[in-house]
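Heads up: the sequence shown begins at 1081 in my numbering, then just goes up one per residue.
C-beta atoms are modelled at their ideal positions from N, C-alpha and C, and glycine is treated no differently.
Read through the structure below, which is laid out as C-alpha cells, and then see the notes.
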Amino acid sequence: MLFPVAVFRRIRWARRLAAARRTGWYPAEVTIAPHRRLTAADHRPPDLRISYRDGNTIDARGAHAYGVAALADRPRREVRVAGTGENLALLFPAGVKGKRPYLVPAEAVTDR
1081 MLFPVAVFRR IRWARRLAAA RRTGWYPAEV TIAPHRRLTA ADHRPPDLRI SYRDGNTIDA
1141 RGAHAYGVAA LADRPRREVR VAGTGENLAL LFPAGVKGKR PYLVPAEAVT DR
C-alpha cells in the first residue's frame, strides 16, 4: 500500500528539482506558521511566508509537517528558495537542524 505513495513523492521531488534547475536558488527569509504555534501533535503542513530581498512575498504551505516544528521558534530565517508554484523547495543552511542543510518541499498558495 505504501508503494503508490512512495512513487507519488518521488515524482513530486523530481518536479521540484527540475524547477530548481530552471529557476536557480534565490536568497530569501521565511517565517514559519506566523499565525499559529506548531506542536508535536499538530500534523497539518505549516504555513510559510517567504520574503525575497527584492520585496516580493509568497505565501506557501509546506508539503509535510514533520521536522518543521523545530524551525518555527524564530521568525525570518535565512533560506534559499527554488522553483515556482506547486514545485517550491526551501533550503535551510547547515546548523539549523543538525550538521547538514535541511530541504523542505512547499507549494505556493498566493503570490504578491
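Going by the DSSP bridge assignment, what does residue i pair with across the sheet?
i: Leu1183; result: Leu1171
i: Asp1127; result: Arg1141
i: Arg1160; result: Pro1107, Leu1171
i: Ile1112; result: Leu1128
CB-CB under 6 Å to residue i, same chain, minus the five flanking residues each way: which ones, in chain order?
i: Gly1165; result: Ala1188
i: Arg1095; result: Asn1167
Output yes or no for whether 9 Å exceeds the beta carbon distance between residue i and residue j.
i: Ala1099; j: Leu1168; result: yes
i: Arg1141; j: Ala1186; result: yes
i: Tyr1106; j: Arg1180; result: no
i: Ala1139; j: Arg1124; result: It is Asp, not Ala, that sits at residue 1139 in the sequence shown. No, these two residues do not count as a Cβ contact at 9 Å.
According to DSSP, is residue i part of a helix, a strand, or is it coil?
i: Pro1107; result: strand
i: Val1085; result: helix
Report all residues from its chain with a CB closer than 7 Å to the CB of residue i; omit the five preceding and five following residues, and keep chain order.
i: Gly1163; result: Arg1096, Ala1099, Ala1100, Thr1103, Ala1169
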